[in-house]
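**Student:** I'd like to ask some things about the structure below.
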Amino acid sequence: MNKRYLFTVPVLAIVIAACGGGGNKTQQLEKLKQERAAIDSKIAALEKEVGKKDTVARKKDVTVSEVRDTVFEHYIDVQGSVDARENVNVSARAMGVITAIFVREGQQVSKGQTLAQVDDQVLKASMAELRTQMDLANILFEKQKNLWSQKIGSEVQYLNAKNQKEALERKMATLQDQLSQTRIIAPISGTVDAVIAKVGDNAAPGNPTFRVVNANNLKVTANVAEAYAGLLKSGDRVVIAFPDINREIKTNIAFASRTIDPLSRTIKIEVPLKPDNTLRPNMIAHIKIVDYATSNAVVIPVNLIQYSSGKPFVMVAESKNGQLASLRRTIEVGRTYNDKAEIKDGLKAGDKIITTGYQGLNDNDLIKL
Numbered sequence: 005m006n007k008r009y010l011f012t013v014p015v016l017a018i019v020i021a022a023c024g025g026g027g028n029k030t031q032q033l034e035k036l037k038q039e040r041a042a043i044d045s046k047i048a049a050l051e052k053e054v055g056k057k058d059t060v061a062r063k064k065d066v067t068v069s070e071v072r073d074t075v076f077e078h079y080i081d082v083q084g085s086v087d088a089r090e091n092v093n094v095s096a097r098a099m100g101v102i103t104a105i106f107v108r109e110g111q112q113v114s115k116g117q118t119l120a121q122v123d124d125q126v127l128k129a130s131m132a133e134l135r136t137q138m139d140l141a142n143i144l145f146e147k148q149k150n151l152w153s154q155k156i157g158s159e160v161q162y163l164n165a166k167n168q169k170e171a172l173e174r175k176m177a178t179l180q181d182q183l184s185q186t187r188i189i190a191p192i193s194g195t196v197d198a199v200i201a202k203v204g205d206n207a208a209p210g211n212p213t214f215r216v217v218n219a220n221n222l223k224v225t226a227n228v229a230e231a232y233a234g235l236l237k238s239g240d241r242v243v244i245a246f247p248d249i250n251r252e253i254k255t256n257i258a259f260a261s262r263t264i265d266p267l268s269r270t271i272k273i274e275v276p277l278k279p280d281n282t283l284r285p286n287m288i289a290h291i292k293i294v295d296y297a298t299s300n301a302v303v304i305p306v307n308l309i310q311y312s313s314g315k316p317f318v319m320v321a322e323s324k325n326g327q328l329a330s331l332r333r334t335i336e337v338g339r340t341y342n343d344k345a346e347i348k349d350g351l352k353a354g355d356k357i358i359t360t361g362y363q364g365l366n367d368n369d370l371i372k373l
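Residues 5 to 373 in the working numbering are what the sequence shown lists, from first letter to last.
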């Protein structure tokens with residue numbers, strides 16, 4: 005039974021009882037009809053007002069975001085380190101005891117500068133003795149030369165004197181070369197990163213005595229899994245982050261190895277760096293290599309994507325009959341990176357995607373912002 009009649013009947017009963025059945029019944033009936041019409045009108049107004057409140061109460065609170073075209077990039081993430089293109093362990097060229105060290109750690113040196121001295125006393129003594137022999141050999145040679153020019157003496161005597169002189173000169177040249185090798189010199193210009201040797205140590209070829217680094221010629225090196233070998237090439241864009249100094253730079257790969265390391269199954273890449281005093285060899289570098297990029301892409305947060313029967317969808321807001329309602333939109337998901345997803349189909353610029361309050365929404369649910 006309609007609730008408006010439940011309300012009307014008691015009213016009629018009260019009115020009839022009050023009248024006590026007297027008077028003109030036709031007039032009484034007309035009066036009651038008028039009263040009922042007034043009551044019905046009030047009931048209808050109240051029902052309409054209550055209905056509006058119920059509709060508002062049923063609307064769900066949501067937040068929406070307008071979809072816009074943007075650039076989407078996918079990266080290969082690898083870890084590398086800063087390396088110096090010129091990072092040299094310096095060793096002596098001759099065996100001997102180190103008698104002097106001329107540089108300290110952190111000092112700037114030039115190519116060819118003497119870093120330390122190996123004992124050269126024996127060589128110098130040998131050279132002094134040889135000079136005496138050379139002086140005598142030169143005198144004898146000049147005399148034999150003069151005599152031979154005057155056709156005095158034999159040619160053999162002249163040739164022997166000449167040969168003796170030249171042999172001593174060659175020996176002196178050898179000793180001078182050996183003497184130069186007693187100096188430990190810088191093979192490159194740069195900074196003395198480490199002084200390994202001490203005065204009194206025995207130096208020998210192959211034993212490091214200093215380390216010299218050219219910090220103005222740095223690079224980042226990294227090993228990338230062979231699965232990406234077909235995607236990498238020289239010139240590819242990269243983004244390098246240095247967490248130790250909270251910096252990020254954009255540059256390009258200078259070298260990508262054409263061979264795969266048989267042990268690690270990786271390929272080596274190198275990225276040159278501009279001179280920077282804040283960068284140091286062996287510093288950690290996080291490298292993001294761009295392997296896919298597209299412009300005018302629709303990109304949304306991954307967490308907005310829901311699935312039904314294995315098919316992805318999102319909830320969007322659309323106007324329906326003058327009210328805002330939710331609508332399920334099936335989508336095609338492309339690549340994802342860093343909690344962002346490229347949407348290949350199903351969304352376009354201008355769509356209003358529901359970003360909060362979307363859980364549990366169905367098609368045509370009324371919503372409010």
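Just so it is clear, CB atoms sit at the ideal spot from N, CA and C, and this is done for glycine as well.
Considering only residues of the stretch 268–330, which uninterrupted alpha helix (DSSP H) runs meet the minimum length of 4 residues and lie entirely inside it, listed in chain order?
**Tutor:** Fully enclosed alpha helix (DSSP H) runs of 4 or longer: not present.
**Student:** Taking the beta strand (DSSP E) that threonine 186 belongs to, which residues open and close that run?
**Tutor:** For the purposes of this step, residue 186 is identified with residue 182 of the sequence shown, where counting begins at 1. Segment: none, threonine 186 is in no beta strand (DSSP E) and carries neither H nor E.
**Student:** Kindly indicate which three-state DSSP category aspartate 369 falls into: helix, strand or coil?
**Tutor:** On the sequence shown, position 365 is the one that residue 369 refers to. Of the three classes helix, strand and coil, the one that applies to aspartate 369 here is coil, per DSSP.
**Student:** Report the start-end ranges of each beta strand (DSSP E) in the stretch 48–132 that is 3 residues or longer and not cut off at the edges.
**Tutor:** Counting only runs of 3 or more, we get 67–70, 73–88, 91–95, 100–105, 118–122.
**Student:** Looking only at DSSP bridge pairs, what is leucine 222 linked to?
**Tutor:** As a position in the sequence shown, residue 222 is number 218, starting the count at 1. Answer by DSSP bridge pairing, in chain order: Ala88.
**Student:** Quick check: the Cα distance between lysine 115 and alanine 96, rounded to an integer number of angstroms?
**Tutor:** In the sequence shown, counting from the first residue as 1, residue 115 sits at position 111. In the sequence shown, counting from the first residue as 1, residue 96 sits at position 92. In a straight line, the C-alpha of lysine 115 is about 15 Å away from that of alanine 96.
**Student:** What did DSSP end up calling threonine 359 once you bin it into helix, strand or coil?
**Tutor:** Stepping through the sequence shown from its first residue, residue 359 is reached at position 355. Three-state result, threonine 359: strand.
**Student:** From serine 184 to arginine 174, what does the alpha carbon distance come to, in whole angstroms?
**Tutor:** On the sequence shown, residue 184 is found 180 positions in, with the first residue counted as 1. On the sequence shown, residue 174 is found 170 positions in, with the first residue counted as 1. Spanning the two alpha carbons is a distance of roughly 16 Å.
**Student:** Taking C-beta to C-beta, are valine 203 and alanine 104 nearer than 8 Å?
**Tutor:** For this step, residue 203 is matched to residue 199 along the sequence shown. For this step, residue 104 is matched to residue 100 along the sequence shown. Yes, they are a contact pair.
**Student:** Could you name the residues of the same chain whose beta carbon sits closer than 7 Å to that of valine 13, not counting the 5 residues immediately before and after it, in chain order?
**Tutor:** Along the sequence shown, read from residue 1 onward, the residue named residue 13 stands at position 9. Here the model assigns valine 13 a pLDDT of 45, short of 50, so the residue's position is not dependable and the matter cannot be decided.
**Student:** Buried or exposed: which applies to lysine 292, given that a residue is buried once 16 or more other Cβ atoms fall within 10 Å of its Cβ?
**Tutor:** Locating residue 292 in the sequence shown gives position 288, where the first residue counts as 1. Classification for lysine 292: buried.
**Student:** Is DSSP giving valine 243 helix, strand or coil here?
**Tutor:** Counted from its first residue, the sequence shown places residue 243 at position 239. Correct three-state label for valine 243: strand.
**Student:** Look at the Cβ atom of glycine 375, then the Cβ atom of threonine 213, and state whether they are nearer than 8 Å.
**Tutor:** The requested residue 375 does not occur in the structure, where the chain is confined to residues 5 to 373.
**Student:** Just to check my reading of the structure: valine 122 and valine 101 have Cβ atoms closer than 8 Å, yes? What is that Cβ distance to the nearest angstrom?
**Tutor:** For the purposes of this step, residue 122 is taken as residue 118 along the sequence shown, with counting starting at 1. For the purposes of this step, residue 101 is taken as residue 97 along the sequence shown, with counting starting at 1. Valine 122 to valine 101, Cβ: 7 Å. Contact.
**Student:** Rounded to the nearest angstrom, how far is the Cβ of isoleucine 244 from that of valine 275, given a contact under 8 Å?
**Tutor:** Walking along the sequence shown from the start, residue 244 turns up at place 240. Walking along the sequence shown from the start, residue 275 turns up at place 271. Right, the Cβ-Cβ distance comes to about 7 Å (below 8 Å), so this counts as a contact.
**Student:** In whole angstroms, what separates the C-alpha of alanine 41 from that of lysine 372?
**Tutor:** For the purposes of this step, residue 41 is identified with residue 37 of the sequence shown, where counting begins at 1. For the purposes of this step, residue 372 is identified with residue 368 of the sequence shown, where counting begins at 1. Approximately 37 Å between the Cα atoms of the pair.
**Student:** Using the three-state DSSP reduction, which class does arginine 40 fall into: helix, strand or coil?
**Tutor:** Taking the first residue of the sequence shown as position 1, residue 40 is located at position 36. Arginine 40: helix per DSSP, three-state reduction.
**Student:** Using only alpha-carbon positions, find the residue among Lys223, Ser330, Arg333 that is nearest to phenylalanine 259.
**Tutor:** Start at 1 with the first residue of the sequence shown, and residue 259 comes out as number 255. Of the candidates Lys223, Ser330, Arg333, the one whose C-alpha sits nearest the C-alpha of phenylalanine 259 is Lys223.
**Student:** With DSSP run on the structure shown, which of helix, strand or coil describes arginine 333?
**Tutor:** Along the sequence shown, read from residue 1 onward, the residue named residue 333 stands at position 329. Reduced to three states, the DSSP call for arginine 333 is strand.
**Student:** How many angstroms separate the CA atom of glutamine 182 from the CA atom of arginine 89?
**Tutor:** Looking up residue 182 in the sequence shown gives position 178. Looking up residue 89 in the sequence shown gives position 85. Rounded to whole angstroms, glutamine 182 to arginine 89 spans 30 Å at the Cα level.
**Student:** Please classify lysine 155 as buried or exposed, where buried requires at least 16 neighbouring CB atoms within 10 angstroms.
**Tutor:** Start at 1 with the first residue of the sequence shown, and residue 155 comes out as number 151. With fewer than 16 Cβ atoms within 10 Å of its Cβ, lysine 155 is classed as exposed.
**Student:** Compare the C-alpha of arginine 333 against each of Pro191, Gln327, Ile288, Asp349 and name the closest.
**Tutor:** For the purposes of this step, residue 333 is taken as residue 329 along the sequence shown, with counting starting at 1. When only C-alpha atoms are compared, the closest one is Asp349.
**Student:** DSSP on glycine 364, reduced to helix/strand/coil?
**Tutor:** Taking the sequence shown and counting its residues from 1, the one referred to as residue 364 is at position 360. Of the three classes helix, strand and coil, the one that applies to glycine 364 here is coil, per DSSP.
**Student:** Since isoleucine 453 and alanine 219 should fall inside the 8 Å C-beta cutoff, what is the C-beta to C-beta distance between them, to a whole number of angstroms?
**Tutor:** Nothing can be reported for residue 453: it is not among the residues displayed for the chain, which extend from 5 to 373.
**Student:** Taking C-alpha atoms, which residue in Asp73, Lys344, Tyr232 lies nearest to valine 355?
**Tutor:** For the purposes of this step, residue 355 is identified with residue 351 of the sequence shown, where counting begins at 1. It should be noted that the sequence gives aspartate, not valine, for residue 355. For aspartate 355, the nearest C-alpha among the options comes from Asp73.
**Student:** Determine the extent of the beta strand (DSSP E) in which threonine 213 is found, giving its start and end residues.
**Tutor:** Counted from its first residue, the sequence shown places residue 213 at position 209. Note, threonine 213: beta strand (DSSP E), 212–217.
**Student:** Check this for me: beta carbons of valine 303 and lysine 344, under 8 Å apart or not?
**Tutor:** Within the sequence shown, residue 303 is the residue found at index 299, counting from 1. Within the sequence shown, residue 344 is the residue found at index 340, counting from 1. Contact flag set, yes.
**Student:** Just the C-alpha distance for phenylalanine 106 and aspartate 280, rounded to the nearest angstrom, thanks.
**Tutor:** Position 102 of the sequence shown, counted from the first residue, corresponds to residue 106. Position 276 of the sequence shown, counted from the first residue, corresponds to residue 280. Approximately 27 Å between the Cα atoms of the pair.
**Student:** Using a threshold of 8 Å, state whether the C-beta atoms of leucine 328 and valine 320 are closer than that.
**Tutor:** Against the sequence shown, residue 328 aligns to sequence position 324. Against the sequence shown, residue 320 aligns to sequence position 316. No.
**Student:** Spatial neighbours of glycine 239 within its chain, please: CB distance less than 6 Å, with the 5 preceding and 5 following residues excluded, ordered by chain position.
**Tutor:** Numbered from 1 along the sequence shown, position 235 holds the residue referred to as residue 239. Taken in chain order, the residues that qualify are Asn256.
**Student:** Please state the DSSP three-state secondary structure of isoleucine 143.
**Tutor:** As a first step, residue 143 must be located in the sequence shown, where it is residue number 139. Helix at isoleucine 143.
**Student:** Closest to leucine 144 by CA distance: which of Met131, Ile47, Tyr162 is it?
**Tutor:** Counted from its first residue, the sequence shown places residue 144 at position 140. Selected option, being the one with the closest Cα: Tyr162.
**Student:** According to the neighbour-count rule (16 or more other Cβ atoms, all chains shown, within 10 Å of its Cβ), is aspartate 197 buried or exposed?
**Tutor:** Residue 197 sits at position 193 when you count from the first residue of the sequence shown. The residue in question, aspartate 197, is buried, as its Cβ has 16 or more Cβ neighbours within 10 Å.
**Student:** List the endpoints of the continuous beta strand (DSSP E) containing threonine 263.
**Tutor:** What you label residue 263 is simply residue 259 of the sequence shown in a count that begins at 1. Run containing threonine 263: none; DSSP gives neither H nor E here.
**Student:** Have a look at Val199, Arg251, Thr263, Ile192 and flag the residue whose alpha-carbon is nearest the alpha-carbon of valine 113.
**Tutor:** Within the sequence shown, numbered from 1, the residue matching residue 113 stands at position 109. For the residues Val199, Arg251, Thr263, Ile192, the minimum Cα distance to valine 113 belongs to Ile192.
**Student:** Using the Cβ count rule (16 or more neighbours within 10 Å means buried), how would you classify isoleucine 358?
**Tutor:** For the purposes of this step, residue 358 is taken as the residue at position 354 of the sequence shown. Buried, by the Cβ-count rule.
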